[in-house]
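**Q**
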Amino acid sequence: MNDSLEKINTVVANGNSREAILQAADILRSGGLVAFPTETVYGLGADACSKKAAEKIYSAKGRPSDNPLIVHIADVKAVYELAACVPPKAEMLMEAFWPGPLTIILPKKELVPNETTGGLDTVALRMPSHPAALEMIRESGLYIAAPSANTSGRPSPTEAAHVLDDLKGKVDMILDGGAVGIGIESTIVDLTGECPTILRPGFITKQMLEHIIGEVKMDAALEINDSSIRPKAPGMKYTHYAPKGELTIVEASSADDSGMNVANKINELVREKQQSGCGVAVIATSEHAHLYKCQNVLVVGDGTKGETIAAKLYSTLRKCDELSVDYIFSEAFSTGALGSAIMNRLLKAAGQRVIKI
Ligand code: TXA
Ligand code: MG
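In terms of this note's numbering, the sequence shown opens at residue 116 and continues consecutively.
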């Protein structure tokens, strides 16, 4: 039997404890898997330079092996050891946003195995700002490959309990650092082409990047809803973040400040589904929650504060699974600086199902 498929005893340890972090570093050095908190979402870490460790990650997550992993580092020196070329714009971004929720793509050096990069000749690098993550990476003396610590296709974990739900018996240790701060994954910028390109929107916005390095493009696959355009980040082509119930977004095509138009449409859809005996949930902002006539109205955050929505988006989608509902209807949350990152995730979770009214 492949040893990566054996049932492992998963230890949950306090992410604030130095002893636990040292133990996590030991596990990583001996080729094991450790889930750990970052400022964005929980990561599933292993030695980035070991083919076998990378294979263990793919197998624990049930992730397709052509989907490359982000390599997490704790100092800038590591970039020069892992990347074959570090252009000035990469250095400017590292200086401005690291440690923090930004991943940069650069040409890789031989040291990074193809198993880690899904066969690509580029590598994704990120220095997280979460103190437990930084300390664990530093103490391990390794570079740490880490995708989000969820089963492939499910919402990313923003609490240790989510990791346990998905990966119990498949990872050696979970460092519990409580609920994460940001709640959606890092912004990914590809610096290998003519013009820096955002492959995945996140907390670091296009405007913030352009302020530092000038013109930045969005990957065409992000802007046009056309499945024939292949996204440059292989992971962006998969259905993702999806709850088990069927999620549909209901969006107003013109101003709907009171939220009444969307609420009326959602209430109609809820009534229809309930009449046919289905379980239903609604995802709404705190301002609009009172407009809905449904047993399960889940408040995702404050519509004027995108960061509150980002922080609770994935736990809200997981809550829908706990409620075992068949259908979920959500408002759109496209306003504010985080709007494009939030909608990118919500649309994927909905399999691009949108009703415009
Ligand atoms: O915030 C984050 O980035 C979290 C935490 C744990 O750091 N990590 C994360 O990893 O979101 P993951 O594996 O769930 O998503 C990584 C994304 C995938 O869409 C993958 O295809 C893309 O990054 N990616 C990785 N390496 C790449 C490369 N060399 N070129 C293009 N895309 C790459
Ligand atoms: Mg992921």
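Even glycine gets a Cβ: it sits at the ideal position worked out from N, Cα and C.
For residue 135, does the three-state DSSP call read helix, strand or coil?
**A** In the sequence shown, the residue the question calls residue 135 occupies position 20. Residue 135: helix per DSSP, three-state reduction.
**Q** Where does residue 161 sit, in a helix, a strand or coil, going by DSSP?
**A** By 1-based counting over the sequence shown, the position of residue 161 is 46. Three-state DSSP puts residue 161 in a strand.
**Q** Identify, in the order they occur along the chain, each residue of the same chain with its Cβ nearer than 7 Å to the Cβ of residue 255, setting aside the five sequence neighbours on each side.
**A** As a position in the sequence shown, residue 255 is number 140, starting the count at 1. Hits under 7 Å: 140, 143, 144.
**Q** Might you give, ordered along the chain, the residues of its own chain that have their beta carbon closer than 7 Å to the beta carbon of residue 442, omitting 5 neighbours on each side?
**A** If you number the sequence shown from 1, residue 442 lands on position 327. So the qualifying residues of the chain are 360, 361, 388, 393, 395.
**Q** State the start and end residues of the unbroken beta strand (DSSP E) segment that holds residue 288.
**A** Here residue 288 is taken as the residue at index 173 of the sequence shown, counted from 1. Residue 288 -> beta strand (DSSP E) spans 288-291.
**Q** Going by DSSP, which residues form a beta bridge with residue 396?
**A** Residue numbering aside, residue 396 sits at position 281 when the sequence shown is read from its first letter. Answer is 443, bridged to residue 396.
**Q** Compare the beta carbon distance of residue 276 and residue 158 with 9 Å and say whether it is the shorter of the two.
**A** Here the question's residue 276 lines up with position 161 in the sequence shown. Here the question's residue 158 lines up with position 43 in the sequence shown. Cβ distance not < 9 Å, so residue 276 and residue 158 don't count as in contact.
**Q** Could you work out which residue in 336, 268, 406 is closest to residue 465 when comparing CA atoms only?
**A** Taking the sequence shown and counting its residues from 1, one reaches residue 465 at position 350. Taking only the C-alpha atoms, the option nearest residue 465 is 268.
**Q** Verify the contact flag: residue 303, CB atom, against every heavy atom of the ligand TXA, threshold strictly below 8 Å.
**A** To locate residue 303, count along the sequence shown from 1; it is residue 188. Yes; taking the cut-off as 8 Å, the Cβ of residue 303 has a heavy atom of the ligand TXA nearer than that.
**Q** Going residue by residue through the segment 160-232, where are the continuous alpha helix (DSSP H) segments of at least 4 residues, counting only ones entirely within it?
**A** Counting only runs of 4 or more, we get 166-176, 192-197, 203-212.
**Q** Roughly how many angstroms lie between the CA atoms of residue 326 and residue 320, to the nearest whole one?
**A** For this step, residue 326 is matched to residue 211 along the sequence shown. For this step, residue 320 is matched to residue 205 along the sequence shown. When rounded, the distance between both Cα atoms is 10 Å.
**Q** Using a Cβ-Cβ cutoff of less than 7 Å, which residues in the same chain neighbour residue 245 once the five nearest sequence positions on both sides are dropped?
**A** Within the sequence shown, numbered from 1, the residue matching residue 245 stands at position 130. So the list reads 152, 153, 154, 292, once near-sequence residues are dropped.
**Q** Verify the contact flag: residue 93, CB atom, against every heavy atom of the ligand MG, threshold strictly below 8 Å.
**A** As displayed, the chain neither begins before 116 nor continues past 472, which places residue 93 out of reach and without an answer.
**Q** With a 10 Å radius around its C-beta and 16 neighbouring C-beta atoms as the bar for buried, classify residue 200 as buried or exposed.
**A** Residue numbering aside, residue 200 sits at position 85 when the sequence shown is read from its first letter. Classification of residue 200: exposed, given that the 10 Å Cβ count is below 16.
**Q** What are the boundary residues of the alpha helix (DSSP H) that includes residue 377?
**A** Taking the first residue of the sequence shown as 1, we reach residue 377 at position 262. From DSSP, the alpha helix (DSSP H) with residue 377 extends over 375-390.
**Q** According to the Cβ coordinates, are residue 230 and residue 263 closer than 9 Å?
**A** As a position in the sequence shown, residue 230 is number 115, starting the count at 1. As a position in the sequence shown, residue 263 is number 148, starting the count at 1. Cβ atoms of residue 230 and residue 263: not closer than 9 Å.
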